[in-house]
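Student: In UniProt numbering, the protein residues as written are 1 to 213.
First the structure, which I've put down as structure tokens, then a few questions once you've had a look.
Take a look at the structure:
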């Protein structure tokens, strides 16, 4: 604020000059104009809003429909990425408390059945705090990829101080959970971008892990 005052620059504030709502989709309001976007992580919703308020301030002549189409067609792999519908399978690289909290909050909002979690994290992350974000009825299966930093079964059990459901082969873990799903269930693969990338490679037919070694 002080820097803006010294430069005699306008200050635009979220909640006063523009608004962001995240429900079934993202709605950004600027000067009574509404922009609608597919749901993304909350942090990305704020990034979109900041870009839009910048465009509005600089008076770029771009239509609402062009902006919506461009952003909605921009995909970041492993961010709320849906790889199957009915039953829903989502892959997301969330690996910290905030990102996992936002992810599971969204999944709970859209869930009509059981929620299965395939979780693989790096050993230097706060696994215990992340696990506490999940409800006991959300069925967690732990796994790992062949990567030195990936948390092993013993790493996780030591961190959580309890026994866990662990399947060492992430491909087998994914297949087992996928086969358990009924029409309204959701499977979420998360915990690291390494696991997310490995699962996406597996789904798309690249079954090699050489890039992780």
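In this text, a Cβ means the ideal position worked out from N, Cα and C, and glycines have one as well.
Bridge partners for residue 122 per DSSP, in chain order?
Tutor: According to DSSP, residue 122 bridges with 150.
Student: Can you give the Cα-Cα distance for residue 190 and residue 93, rounded to whole angstroms?
Tutor: Going by the C-alpha atoms only, they are around 5 Å apart.
Student: Would you report the Cα separation of residue 213 and residue 14, rounded to the nearest angstrom?
Tutor: Reliability of the predicted coordinates at residue 213 is poor, the pLDDT of 42 falling under 50, and the value obtained from them is presented with this limitation in mind. Between residue 213 and residue 14, the C-alpha separation is close to 44 Å.
Student: Per DSSP, which residues does residue 186 bridge with? Please list them.
Tutor: Note: residue 186 sits in a beta bridge opposite 88, 115.
Student: According to DSSP, what are the bridge partners of residue 36?
Tutor: Answer is 27.
Student: Near residue 73, which residues of its chain fall below 6 Å by C-beta distance, leaving aside the five closest residues on each side in sequence?
Tutor: Excluding positions up to five away in sequence, the list is empty.
Student: Tell me the rounded alpha-carbon separation between residue 16 and residue 27.
Tutor: Distance between the alpha carbons of residue 16 and residue 27 is about 15 Å.
Student: Counting along the chain, where does the beta strand (DSSP E) carrying residue 59 start and finish?
Tutor: No beta strand (DSSP E) holds residue 59; DSSP gives it neither H nor E.
Student: Comparing C-alpha positions only, which one of 87, 63, 56, 195 sits nearest to residue 110?
Tutor: Taking only the C-alpha atoms, the option nearest residue 110 is 87.
Student: Could you tell me the boundaries of the beta strand (DSSP E) in which residue 21 lies?
Tutor: Unbroken beta strand (DSSP E) run through residue 21: 18-22.
Student: With residue 127 as the anchor, note down where its alpha helix (DSSP H) starts and where it stops.
Tutor: Start and end: 127-131.
Student: Which residues in the same chain have their Cβ closer than 6 Å to the Cβ of residue 101, if we skip the five residues on either side of it in sequence?
Tutor: So the qualifying residues of the chain are 133.
Student: Output needed for residue 4: all residues of its chain with C-beta closer than 6 Å, excluding positions within five of it in sequence on either side, in chain order.
Tutor: These residues qualify, in order along the chain: 11.
Student: Measure the alpha-carbon distance for residue 196 versus residue 7 and round it to whole angstroms.
Tutor: Those two C-alpha atoms are separated by around 44 Å.
Student: Once you ignore the five residues that flank residue 170 on each side, which residues in its own chain have a CB closer than 8 Å to its CB?
Tutor: Result list for residue 170: 118, 120, 143, 144, 145, 195, 198, 199, 202, in chain order.
Student: Anyone know if the C-beta pair for residue 125 and residue 99 falls short of 9 Å?
Tutor: No, these two residues do not count as a Cβ contact at 9 Å.
Student: Please name the residue in 31, 2, 44 whose C-alpha comes closest to that of residue 22.
Tutor: Checked all of 31, 2, 44; the closest Cα to residue 22 is 44.
Student: Could you compute how far the alpha carbon of residue 192 sits from the alpha carbon of residue 25?
Tutor: Those two C-alpha atoms are separated by around 25 Å.
Student: Just the Cα atoms here: how many angstroms apart are residue 41 and residue 123?
Tutor: Roughly 24 Å between the two C-alpha positions.
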